[in-house]
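Colleague: In my numbering, each residue's number is its place in the sequence shown (first place is 1) plus 3.
This structure is in structure tokens; I'll ask about it shortly.
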Amino acid sequence: MRAVTPRIEEVLKERNIDFLTDVSAKTLSTFRIGGIVKTLILPKCVSELEEAIALCRACGNDFAVIGGGSNVLFGDGAIDVAVISTRRLDAVRVRDETIFAECGVFLGKLARFAAENGLCGLEFAAGIPGTLGGAVFMNAGAFGGEIGALVRSVPVFLPEENKIRRFSREEAGFAYRESVFQHRGAIVLGAELTLARGDPAEIARKVSEFARRRKATQPQGEPSAGSVFRRPAPGYPLARVLDELGVKGWREGGAAVSEKHAGFIVNRGGATARDVKKLIGRIQNHIEKEKGFRPQTEIRSIPREK
Ligand SMILES: Cc1cc2nc3c(=O)[nH]c(=O)nc-3n(C[C@H](O)[C@H](O)[C@H](O)COP(=O)(O)OP(=O)(O)OC[C@H]3O[C@@H](n4cnc5c(N)ncnc54)[C@H](O)[C@@H]3O)c2cc1C
Numbered sequence: 004m005r006a007v008t009p010r011i012e013e014v015l016k017e018r019n020i021d022f023l024t025d026v027s028a029k030t031l032s033t034f035r036i037g038g039i040v041k042t043l044i045l046p047k048c049v050s051e052l053e054e055a056i057a058l059c060r061a062c063g064n065d066f067a068v069i070g071g072g073s074n075v076l077f078g079d080g081a082i083d084v085a086v087i088s089t090r091r092l093d094a095v096r097v098r099d100e101t102i103f104a105e106c107g108v109f110l111g112k113l114a115r116f117a118a119e120n121g122l123c124g125l126e127f128a129a130g131i132p133g134t135l136g137g138a139v140f141m142n143a144g145a146f147g148g149e150i151g152a153l154v155r156s157v158p159v160f161l162p163e164e165n166k167i168r169r170f171s172r173e174e175a176g177f178a179y180r181e182s183v184f185q186h187r188g189a190i191v192l193g194a195e196l197t198l199a200r201g202d203p204a205e206i207a208r209k210v211s212e213f214a215r216r217r218k219a220t221q222p223q224g225e226p227s228a229g230s231v232f233r234r235p236a237p238g239y240p241l242a243r244v245l246d247e248l249g250v251k252g253w254r255e256g257g258a259a260v261s262e263k264h265a266g267f268i269v270n271r272g273g274a275t276a277r278d279v280k281k282l283i284g285r286i287q288n289h290i291e292k293e294k295g296f297r298p299q300t301e302i303r304s305i306p307r308e309k
């Protein structure tokens, strides 16, 4: 007799792990795009996160971990991949110049916590609308700073090996919007960050200066997932090149290239993942024709593109 694989919802209920069913993906990403997530899992602690992943695997369910959803594009229609949100894992503590934080803490909150403790180094991250886990995974950065540069160590869960391992900064392989975790299917559980003592007034000045620069150069109040494309090389002025190629204002359905920043696609209302992908394809074709390279996307699709 063939064993029947239990449904993920049944086992989550049995194990008392919180979950919601039939959640609009529009509420889970800053893009406000996407269909219906059949199962959204909300672990309360790291061990529940690990258990949720193990249960997904045992039930043969694909899964995706999200933090702030600020760098993801959910697909249209029914989304069968179980989505695991880290938002409840947001404990933070400090000892001397070292901050220990869980993966689900938002960067804005983390930067405020650092400032309150007279620690500098995280000012660049204050306006990035994601979590620490997503930032470490993506090696998020801005204004010359990168999260990887502050990392001392990263505890990760490796589902394939079913174990937790601590990676040093060197082992994490940080490069421009890159970490080894993207290639290992690793779940970032948190990070230990080394900061420096700083003057609170100077920290506040930098945070507001960076916020001012963001406001001046990026679309605010319009849903997006940040810069859509990776630069072909660090420092390459991709947004300027896109601007010169005249893509600002290009549109597919509800998705448009922002007039303020040629690297941002914004949701002008009712955009679908299909609209965004079509627009991305048009831009890629155009750059390839004009400049001879095809930019890769920085935003990550859920479900993953095959
Ligand atoms: C207005 C705007 C401005 C932005 N500005 C910047 C910027 O200046 N610099 C920059 O680098 N980015 C920027 N971004 C992009 C985005 O905020 C960052 O990439 C951020 O680090 C993503 O974090 P997140 O928690 O939202 O990740 P999500 O969007 O939830 O996930 C992104 C990817 O990380 C994975 N992931 C999330 N959490 C974990 C985890 N704990 N373990 C393993 N994988 C995980 C997801 O599976 C997904 O593949 C911007 C986005 C917006 C909307």
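Cβ coordinates follow ideal geometry from the N, Cα and C atoms, glycine included.
It should be emphasised that the depicted structure is a prediction, and the values quoted were computed from it without experimental measurement.
Here's the rule: buried if 16 or more other CB atoms are within 10 angstroms of the residue's CB, otherwise exposed. What is residue 219?
Modeller: For this step, residue 219 is matched to residue 216 along the sequence shown. Per the 10 Å Cβ criterion, exposed.
Colleague: Do the segment 290-303 and the segment 238-250 touch if we need at least three Cβ pairs shorter than 8 Å?
Modeller: A contact exists between the segment 290-303 and the segment 238-250.
Colleague: What residue does the beta strand (DSSP E) around residue 261 start on, and which one ends it?
Modeller: Counting from one through the sequence shown, the residue named residue 261 turns up at place 258. Where residue 261 is concerned, there is no enclosing beta strand (DSSP E), given that its DSSP letter is neither H nor E.
Colleague: Take residue 187 as the anchor and find which of 199, 203, 166 and 204 has the nearest alpha-carbon.
Modeller: Indexing the sequence shown from 1 puts residue 187 at position 184. Among 199, 203, 166 and 204, the Cα nearest to that of residue 187 belongs to 166.
Colleague: Between the segment 125-136 and the segment 191-199, can you find at least three pairs of beta-carbon atoms closer than 8 Å?
Modeller: Yes: at least three Cβ pairs fall under 8 Å.
Colleague: Looking at chain B, is there any beta carbon in it that lies within less than 7 Å of the beta carbon of residue 254?
Modeller: Protein chains in the displayed structure number just one, and chain B is not present.
Colleague: For residue 278, count the other beta carbons within 10 Å of its own beta carbon; 16 or more makes it buried, fewer makes it exposed. Which is it?
Modeller: Taking the first residue of the sequence shown as position 1, residue 278 is located at position 275. That one is buried.
Colleague: Take residue 301 as the anchor and find which of 273, 266, 272 and 285 has the nearest alpha-carbon.
Modeller: As a position in the sequence shown, residue 301 is number 298, starting the count at 1. Per the Cα distances, 266.
Colleague: Going by beta-carbon coordinates alone, are residue 256 and residue 272 separated by less than 7 Å?
Modeller: Start at 1 with the first residue of the sequence shown, and residue 256 comes out as number 253. Start at 1 with the first residue of the sequence shown, and residue 272 comes out as number 269. Against a cut-off of 7 Å, the Cβ pair of residue 272 and residue 256 comes out as no contact.
Colleague: Closer than 6 Å by C-beta to residue 96: which residues in its own chain qualify, once you throw out the five before and the five after it? Chain order, please.
Modeller: As a working mapping, residue 96 is identified with position 93 in the sequence shown. Excluding positions up to five away in sequence, the list reads 103.
Colleague: Relative to the C-alpha of residue 202, which residue among 42, 69 and 122 is closest?
Modeller: Position 199 of the sequence shown holds residue 202. Residue 202 has its Cα closest to that of 122, out of 42, 69 and 122.
Colleague: When DSSP labels each residue in this structure, what does residue 2 get in the three-state scheme?
Modeller: Outside the shown range of the chain (4 to 309) lies residue 2, about which nothing can therefore be said.
Colleague: If you pair each beta-carbon of the segment 84-99 with each one of the segment 148-161, do three or more pairs fall below 8 Å?
Modeller: Short answer: they don't touch.
Colleague: First and last residue of the beta strand (DSSP E) that includes residue 67?
Modeller: Residue numbering aside, residue 67 sits at position 64 when the sequence shown is read from its first letter. Counting along the chain, the beta strand (DSSP E) containing residue 67 begins and ends at 66-69.
Colleague: Tell me which residues share the same chain as residue 54 and place their Cβ nearer than 8 Å to its Cβ, disregarding the 5 neighbours each side in the sequence.
Modeller: Position 51 of the sequence shown, counted from the start, is the residue given in the question as residue 54. Counting only Cβ-Cβ distances below 8 Å, and skipping sequence neighbours, we find 18, 20 and 46.
Colleague: Should residue 234 be counted as a contact of ligand 1 given a C-beta to heavy atom distance under 6 Å?
Modeller: Sequence index remark: in the sequence shown, residue 234 carries index 231 (1-based). False, no ligand heavy atom lies under 6 Å from that Cβ.
Colleague: Between residue 71 and residue 34, what straight-line distance do the alpha-carbon atoms span, to the nearest angstrom?
Modeller: The count along the sequence shown starts at 1 and reaches residue 71 at position 68. The count along the sequence shown starts at 1 and reaches residue 34 at position 31. Each residue's Cα considered, the two are about 11 Å apart.
Colleague: With a threshold of 7 Å on Cβ separation, who are the neighbours of residue 131 within its own chain once the five nearest residues in sequence on each side are excluded?
Modeller: Locating residue 131 in the sequence shown gives position 128, counting from the first residue. Cβ neighbours of residue 131 beyond the five flanking positions: 110, 138, 143 and 145.
Colleague: Go ahead and pull the three-state DSSP assignment for residue 307.
Modeller: Indexing the sequence shown from 1 puts residue 307 at position 304. Correct three-state label for residue 307: coil.
Colleague: Leaving out five residues before and five after residue 204 in sequence, what residues of the same chain have Cβ atoms less than 7 Å from its Cβ?
Modeller: For the purposes of this step, residue 204 is identified with residue 201 of the sequence shown, where counting begins at 1. Excluding sequence neighbours, residue 204 sits near nothing in its chain.
Colleague: Looking at ligand 1, does it come within less than 6 Å of residue 106, judged from the CB to the closest heavy atom?
Modeller: Counting from one through the sequence shown, the residue named residue 106 turns up at place 103. Yes - ligand 1 has a heavy atom lying nearer than 6 Å to the Cβ of residue 106.
Colleague: To the nearest angstrom, report how far apart residue 11 and residue 41 are at their CA atoms.
Modeller: The count along the sequence shown starts at 1 and reaches residue 11 at position 8. The count along the sequence shown starts at 1 and reaches residue 41 at position 38. Cα-Cα distance, rounded: 10 Å.
Colleague: If you draw a straight line from the C-alpha of residue 245 to the C-alpha of residue 269, how long is it?
Modeller: One-based indexing of the sequence shown puts residue 245 at position 242. One-based indexing of the sequence shown puts residue 269 at position 266. Their backbone Cα atoms lie some 15 Å apart in a straight line.
Colleague: Under 7 Å between the Cβ atoms of residue 124 and residue 23?
Modeller: Residue 124 sits at position 121 when you count from the first residue of the sequence shown. Residue 23 sits at position 20 when you count from the first residue of the sequence shown. Cβ distance not < 7 Å, so residue 124 and residue 23 don't count as in contact.
Colleague: Taking the alpha-carbon positions, what's the residue 50 to residue 57 distance?
Modeller: In the sequence shown, counting from the first residue as 1, residue 50 sits at position 47. In the sequence shown, counting from the first residue as 1, residue 57 sits at position 54. Their backbone Cα atoms lie some 11 Å apart in a straight line.
Colleague: Between which two residues does the alpha helix (DSSP H) carrying residue 173 extend?
Modeller: Looking up residue 173 in the sequence shown gives position 170. Premise fails: residue 173 is in no alpha helix (DSSP H) and is neither H nor E.
Colleague: Measuring from the CB of residue 89, is there a heavy atom of ligand 1 at a distance below 6 Å?
Modeller: For the purposes of this step, residue 89 is taken as the residue at position 86 of the sequence shown. Yes.
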